[in-house]
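In mature numbering (1 follows the signal peptide of the UniProt record, and there is no 0), the protein residues as written are -20 to -1, 1 to 134. For every residue, glycine included, the Cβ atom is placed at its ideal position computed from N, Cα and C.
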Amino acid sequence: MKYFILILACLCAMSCSRQTTGIDAFVSQYDQASVRMPGILMPLVKKKLHKAGINVKSIKVLTPEKLQNDSALLKRYLADLEMLDFKDYSKMAEVKEDDEHIRVFFKKDKEVIHQIVVVIRSTEGSEEDGILVLLKGEFNITDIHKIIKHDAFK
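Rendered as structure tokens:
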């Protein structure tokens, strides 16, 4: 009986350690909607950011442009984007203007920010758009100000 409980506890621990966050699951689920930077461009962007002292490990951009041919998948993508759970994230900014709604979230451990998520929703006439940008790495508030001011790319 003790061995059964021990094995069950180990399986639970392994299962919990492999769980992905809602954001990671969303990105994996809609990977076909991702925009890939050309192989030559990504190292250049990372180099510019690293030169500015910003440690970016990965950049992922999801946009529904590639889903336009499948209206059911597009609707599900937009609905899932709206329903994303940000309970483990802190809201950095939110802007609502006309037909656009922009939200910026971050996930941090002590003073180090590990993820920045930008969600942009817009409607133009009858067309809806939804973009998700996921930055992973190690950032601080100063790094974020550099990115916002575009100082990292000068």
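Three-state secondary structure (DSSP) of residue i
{"i": "F66", "result": "coil"}
{"i": "E74", "result": "strand"}
{"i": "I121", "result": "helix"}
{"i": "S106", "result": "coil"}
{"i": "L(-15)", "result": "Because the pLDDT of L(-15) is 37, which lies under 50, any placement of that residue in the model is unreliable, and the question is left without a value."}
{"i": "D79", "result": "coil"}
Inter-residue CB distance, residue i and residue j (contact presumed, cutoff 8 Å)
{"i": "D65", "j": "K87", "result": "That belief does not hold up - the Cβ atoms of D65 and K87 are roughly 12 Å apart, past 8 Å."}
{"i": "S14", "j": "V41", "result": "6 Å"}
{"i": "K116", "j": "K37", "result": "5 Å"}
{"i": "L58", "j": "G2", "result": "Contact doesn't hold; Cβ gap of about 16 Å is too wide."}
{"i": "E80", "j": "S102", "result": "5 Å"}
{"i": "Q9", "j": "K46", "result": "At roughly 14 Å, the Cβ-Cβ gap does not stay under 8 Å, so Q9 and K46 are not in contact."}
{"i": "V92", "j": "N120", "result": "7 Å"}
Buried versus exposed call for residue i [16 or more other C-beta atoms within 10 Å across all chains shown]
{"i": "L112", "result": "buried"}
{"i": "K126", "result": "buried"}
{"i": "P95", "result": "Just to set this straight, residue 95 is Gln in the shown sequence, not Pro. It counts as buried."}
Of the listed residues the options, nearest to residue i (C-alpha basis)
{"i": "E107", "options": "P44, L61, Y10 and A32", "result": "P44"}
{"i": "M72", "options": "H81, E62, A52 and V97", "result": "V97"}
{"i": "I124", "options": "H30, A5 and V7", "result": "H30"}
{"i": "A5", "options": "I82, E74, L61 and T122", "result": "L61"}
Mind pulling the beta strand (DSSP E) runs of 3 or more residues that sit fully within the segment 3 to 58? 35 to 42
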